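What follows is a set of notes on a single structure, which appears directly below.
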Amino acid sequence: MTLDIQGTLVMVLLFTSLNFAIAQTNCSGGFANGYPCDQINLQAQLDLSQLGSTGDGNDIWGWTDPMTQKEYALVGLFNGTAFVDISDPVNPIRLGNLPTRSSNSLWRDIKVIGDYAYIVSEASGHGMQVFDLTRLRNVANPPVTFTSDAVLDFGTSRDAHNIVANEEAGFVYLVGTSNYGSGGITSVDVSNPFNPLVVSNYGSDGYTHDAICVQYRGPDQEHIGKELCIGLNGNELVILNMDDKDNIIKIAAGSYSEFNYVHQAWLTDDHRYLLVNDESDESSRGNNTRTHIFDLLDLNTPAYLGFHEHATAAIDHNLYIKGSYAYLANYRAGLRVMDLIDVENGNLTEKAFFDVHPSNDDRGFSGSWSNYPYFKSGNIIINSIEEGLFVVKPSFPHYVFSLHYPTVIELRPGETKSFTVDYNQYAGFSENVNLSIPNLASDLSVNLSQDSISADGQITVTISANLAAIAQNYSLILQGISTSSGVEEKIALGVKVDGDPVSTCQPMLELNGNISSGEYRAANTLISNATIEEGANVLFESGGTITLEDGFQTEDNATFTARIQPCPSSGTPSVPTTPDVILEQTAKRTQSIQIAPNPFRGQSSIWLDLAEAQEVEIQLYDLTGRPVKSVASAQKMTSGRHHFLLEGKELESGFYVLMIRTGEEWRSEKITILR
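The sequence shown stops at residue 1478 when you use the numbering used here, and every number in between is there.
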């Protein structure tokens, strides 16, 4: 027996010296290779010595090679950064290390834009290292020692606590520097990775410890399409408009009564909710782990929904969100996966976990530093401060949508563009998923490349703005509901409608609503009951027929031209050449209607100018045609100006139609209510 034990010990030492990872182990009976777990399997582990570290581990990020689809772990270490090929997750290979640029440090942070990694450290004199990740494709004899492809020296001591990336914008942001803006947010343009440029810095709100920066596509229409950063500043979070780097605008700030250190946060995929880590409320107040939740329906007034208190006492550090789940690195409690199904009520539910600190779940700064859950394979990488790299994989069936860039599109009236969305299944999920956009506005039309999906693939969502669409922003929700279990997944798509209508030729065109200006062409038939607004200059042109239906009208000083003339368009039937038939109409005086504000939150005023005495009625409908509120019952009114008040406090946010009757004529106006 003694010989067997010694032999086993020799083999363990031999395997360690040859840089072999701990083998794949399924979670069974609550453990995987001695690590507590629930519905998460261990794929492999490389300890710190196998990663080439001379001290503790810290941050971690990932990269997927767009050419080969291989997946790589970028592992922050005391003495630099390790690059590990995990494309075979049970046999990870350390390809090499990029040494720290100056001294060693526990604090190192890594982010990726495109094919480049950007690395900062609190080590004095470190600056920002730039590393071309495509070099990982051809490493002949790993592990090797790499050198940086570029370096950004910023300020005098050149250190930063953290780095934030907005891949869609092509910017990284240094935070917690000792040089710029009281340690606030420093904007760095990395459109040329080999020549990163500091553009500006923002320190009006003091020190920023971490941040998240996105092209916003959430429910607050005012800000759709803007680049927003949410800074976590210790005592509060701040929401910033980063569109103009030389004039960064603070939108709002938010906090909660029992804050200790507002540390890090992430947005849900619909950009509606923000989950926040407070790194000190456990140790300072004796609480169990708390995850704080904000509702960002109105970015100007972030609403604190409360906190979820976990079963462990561990300190929380970093969290990320992918689909319906949040992936939390809670130091000594390891990776905790939380279901967001009831997040709107401030509730989370633990779905699974993998604890990389098996001795205890106490309060303390050891265990899981961070995780990266965004690989298409479903593998998750964790960096443990003491035990190195873990590659794990959840075993509960689920699916996820992920949106390609651009995540926000701009449309002119009459224009069409598409989104591309990946659909990925995990852990044997095999149900059909029915797809829809339940909150489609009347000014938009949509085509889904498929109505349901049953295997990994892509969905193309084609959005068209009607030719009469008004200038407005939309946050559309792509929703998937599985056929048997009813599991729901959703992601927001941002749409901005603005500009002059597109003067392309349509086979057949039907116009309604208000038209402010533009040219509208059809190869065969053009039909309209629209209202040409005051001062508008509008052309209708068709090679066949133009029909003006009941309700068509032109307001004061509008010029309307209808012309029968061939309209060339590929793929449409040819029409005979016909001499121009021009109908011109200069508007007669009609009723004038003003609604302000619109959109609105509490109440809005309706001003109606009557040219003559007549009967008036005003009713509010939702987009399904259901009557919602009577603003003014039918009554005879004198000529002149009349005022009506529309109360919206008791109504849900969304789009509504205001129907206004003057005499025998009905007119519709779109109303938007915000919350």
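Glycine is no exception: its CB is placed at the ideal position from the N, C-alpha and C atoms.
Bear in mind the structure is a predicted one, so any value in this text is a computation, not a measurement.
Checklist line | Alpha carbon of Thr959 to alpha carbon of Ile922, nearest angstrom | finding: Reading the sequence shown from its first residue, position 156 is the one you call residue 959. Reading the sequence shown from its first residue, position 119 is the one you call residue 922. Rounded to the nearest angstrom, the two C-alpha atoms are 18 Å apart.
Next item on the list: Helix, strand or coil for Gly986, going by three-state DSSP, please let me know.
Entry: Taking the first residue of the sequence shown as position 1, residue 986 is located at position 183. Helix, per DSSP.
Next item on the list: Answer yes or no: do Asn965 and Gly979 have a C-beta to C-beta separation smaller than 8 Å?
Entry: As a working note, residue 965 is residue 162 in the sequence shown. As a working note, residue 979 is residue 176 in the sequence shown. The answer is yes: Cβ separation under 8 Å.
Item checked: Contact check, Asn1063 vs Asp1046, beta carbons under 8 Å -> By one-based count along the sequence shown, residue 1063 stands at place 260. By one-based count along the sequence shown, residue 1046 stands at place 243. Going by C-beta atoms, Asn1063 is not nearer than 8 Å to Asp1046.
Next item on the list: Determine the burial state of Asp956: buried for a count of at least 16 other Cβ atoms within 10 Å of its Cβ, exposed for fewer.
Entry: For the purposes of this step, residue 956 is taken as the residue at position 153 of the sequence shown. Exposed, because fewer than 16 other Cβ atoms sit within 10 Å of the Cβ of Asp956.
Item checked: Contacts around Ser1373, its chain only, beta-carbon distance under 7 Å, and the 5 residues preceding and following it disregarded -> Translated into the one-based positions of the sequence shown, residue 1373 becomes position 570. Because the pLDDT of Ser1373 is 42, which lies under 50, any placement of that residue in the model is unreliable, and the number read from its coordinates should be weighed accordingly. So the list is empty, once near-sequence residues are dropped.
Margin query: I'd like to check one pair, Leu1099 with Gly1028: are the Cβ atoms closer than 8 Å?
Written below: Numbered from its first residue, the sequence shown carries residue 1028 at position 225. Numbered from its first residue, the sequence shown carries residue 1099 at position 296. No. Outside cutoff.
Item checked: Helix, strand or coil at Leu821 according to DSSP, with G and I counted as helix -> Numbered from its first residue, the sequence shown carries residue 821 at position 18. Residue confidence is low: Leu821 scores 41 on pLDDT, short of 50, so the model does not pin down where it sits. No coordinate-derived value is stated.
Checklist line | Beta-bridge partners of Met1311, as assigned by DSSP | finding: Stepping through the sequence shown from its first residue, residue 1311 is reached at position 508. According to DSSP, which records beta bridges pairwise, Met1311 is partnered with Thr1328.
Margin query: Could you tell me the alpha carbon to alpha carbon distance between Gly865 and Asp952, rounded to whole angstroms?
Written below: On the sequence shown, residue 865 is found 62 positions in, with the first residue counted as 1. On the sequence shown, residue 952 is found 149 positions in, with the first residue counted as 1. Going from the Cα of Gly865 to the Cα of Asp952 covers about 18 Å.
Checklist line | Whole-angstrom C-beta distance between Gly860 and Val878, which should lie under 8 Å | finding: Looking up residue 878 in the sequence shown gives position 75. Looking up residue 860 in the sequence shown gives position 57. Between Gly860 and Val878 the Cβ distance is about 7 Å, and since that is below 8 Å, they are a contact.
Item checked: Beta-carbon proximity list for Asn1269, same chain, < 6 Å, skipping 5 on both sides -> Here residue 1269 refers to the residue found at position 466 of the sequence shown. Once the five neighbours on either side are set aside, the close Cβ partners of Asn1269 are Asp1246.
Check: Using a Cβ-Cβ cut-off of 8 Å (strictly less than) and excluding sequence neighbours within five positions of Ser1442, which residues of its own chain qualify?
Finding: Position 639 of the sequence shown, counting from 1, holds the residue named residue 1442. Once the five neighbours on either side are set aside, the close Cβ partners of Ser1442 are Leu1413, Ala1414, Glu1415 and Ala1416.
Note to self: Taking only three categories from DSSP, how would you classify Val1305?
What the structure shows: The sequence position of residue 1305 within the sequence shown is 502, counting from 1. The answer is coil: DSSP assigns Val1305 none of H, G, I, E or B.
Note to self: Tell me the DSSP secondary structure of Gln1261 in three-state form.
What the structure shows: Stepping through the sequence shown from its first residue, residue 1261 is reached at position 458. Gln1261: strand per DSSP, three-state reduction.
Checklist line | DSSP state of Asp1158 mapped onto helix, strand, coil | finding: In the sequence shown, counting from the first residue as 1, residue 1158 sits at position 355. Coil.
Check: Bridge partners of His1446, per DSSP?
Finding: Along the sequence shown, read from residue 1 onward, the residue named residue 1446 stands at position 643. The partner list for His1446 (beta bridge, DSSP) reads Trp1410.
Item checked: Of the listed residues Ile1476, Arg1093 and Tyr838, nearest to Phe1156 (C-alpha basis) -> The residue you call residue 1156 lines up with position 353 of the sequence shown. When each option's Cα is compared against that of Phe1156, the closest is Tyr838.
Notebook entry, point to check: Looking only at DSSP bridge pairs, what is Arg897 linked to?
Noted result: Mapped onto the sequence shown, residue 897 falls at position 94. Note: Arg897 sits in a beta bridge opposite Val887.
Check: Going straight from the alpha carbon of Val1434 to that of Ile1421, what length do you get?
Finding: For the purposes of this step, residue 1434 is taken as the residue at position 631 of the sequence shown. For the purposes of this step, residue 1421 is taken as the residue at position 618 of the sequence shown. Roughly 5 Å between the two C-alpha positions.
Next item on the list: Out of Ala826, Phe886 and Asn844, point me to the one whose CA is closest to Gly832's CA.
Entry: Counted from its first residue, the sequence shown places residue 832 at position 29. Of the candidates Ala826, Phe886 and Asn844, the one whose C-alpha sits nearest the C-alpha of Gly832 is Asn844.
Notebook entry, point to check: When the Cα atoms are used, what is the spatial distance from Ser1331 to His1066?
Noted result: Within the sequence shown, numbered from 1, the residue matching residue 1331 stands at position 528. Within the sequence shown, numbered from 1, the residue matching residue 1066 stands at position 263. Those two C-alpha atoms are separated by around 56 Å.
Check: What's the gap between the Cα of Asn1487 and the Cα of Gly1405?
Finding: Here the chain comprises residues numbered 804 to 1478, so residue 1487 is not present and cannot be evaluated.
Check: Just to confirm, are Leu1342 and Arg1366 a CB contact at a threshold of 8 Å?
Finding: Counted from its first residue, the sequence shown places residue 1342 at position 539. Counted from its first residue, the sequence shown places residue 1366 at position 563. Their beta carbons are under 8 Å apart, which means Leu1342 touches Arg1366 by this criterion.
Next item on the list: Could you tell me whether the stretch 1297-1315 touches the stretch 1270-1280, where touching means 3 or more Cβ pairs closer than 8 Å?
Entry: yes
Check: What does a CB cutoff of less than 6 Å around Thr1375 pick up in its chain, not counting 5 residues either side in sequence?
Finding: Taking the sequence shown and counting its residues from 1, one reaches residue 1375 at position 572. A caution first: Thr1375 carries a pLDDT of 37, below 50, which makes its placement in the model unreliable, though a value can still be read off. Answer for Thr1375: Pro1310 and Ala1326, listed in chain order.
Check: Based on Cα-Cα distance, which residue from Asn829, Ser852, Gln1368 and Gln842 lies nearest to Leu1192?
Finding: For this step, residue 1192 is matched to residue 389 along the sequence shown. Comparing Cα-Cα distances from Leu1192 to each of Asn829, Ser852, Gln1368 and Gln842, the minimum goes to Ser852.
Next item on the list: Indicate the three-state DSSP secondary structure (helix, strand or coil) for Asn1148 in the structure shown.
Entry: The residue given as residue 1148 occupies position 345 in the sequence shown. Three-state result, Asn1148: helix.
Note to self: By alpha-carbon positions, which one of Trp1469, Asn1004, Met1462 and Pro945 ends up nearest to Leu854?
What the structure shows: The residue you call residue 854 lines up with position 51 of the sequence shown. Leu854 has its Cα closest to that of Pro945, out of Trp1469, Asn1004, Met1462 and Pro945.
Notebook entry, point to check: Can you tell which of Glu1467, Ala1399, Ser1278 and Glu1336 has its C-alpha closest to the C-alpha of Asp1353?
Noted result: For this step, residue 1353 is matched to residue 550 along the sequence shown. Looking at the Cα atoms, Glu1467 is the closest of the given residues.
Checklist line | For Arg940, three-class secondary structure by DSSP | finding: The count along the sequence shown starts at 1 and reaches residue 940 at position 137. Of the three classes helix, strand and coil, the one that applies to Arg940 here is helix, per DSSP.
Margin query: Using CA atoms only, rank isn't needed, just tell me which of Ile1240, Lys1432 and Ser1060 is closest to Leu1448.
Written below: The count along the sequence shown starts at 1 and reaches residue 1448 at position 645. With distances taken between Cα atoms, Leu1448 lies closest to Lys1432.
Margin query: I need the DSSP call for Gln1388, collapsed to helix, strand or coil.
Written below: Numbered from its first residue, the sequence shown carries residue 1388 at position 585. Below a pLDDT of 50, predicted positions are generally treated as unreliable, and Gln1388, at 44, falls in that range; no measurement from the model is reported.
Notebook entry, point to check: To the nearest angstrom, how far is it from the Cα of His1120 to the Cα of Gly1170?
Noted result: The count along the sequence shown starts at 1 and reaches residue 1120 at position 317. The count along the sequence shown starts at 1 and reaches residue 1170 at position 367. When rounded, the distance between both Cα atoms is 10 Å.
Notebook entry, point to check: Between the C-alpha atoms of Leu1251 and Arg961, what's the straight-line distance to the nearest angstrom?
Noted result: Residue numbering aside, residue 1251 sits at position 448 when the sequence shown is read from its first letter. Residue numbering aside, residue 961 sits at position 158 when the sequence shown is read from its first letter. Going from the Cα of Leu1251 to the Cα of Arg961 covers about 49 Å.
Notebook entry, point to check: To which residues of the same chain is Pro1400 closer than 7 Å at the C-beta, ignoring the five residues directly before and after it?
Noted result: Locating residue 1400 in the sequence shown gives position 597, counting from the first residue. These residues qualify, in order along the chain: Ser1407.
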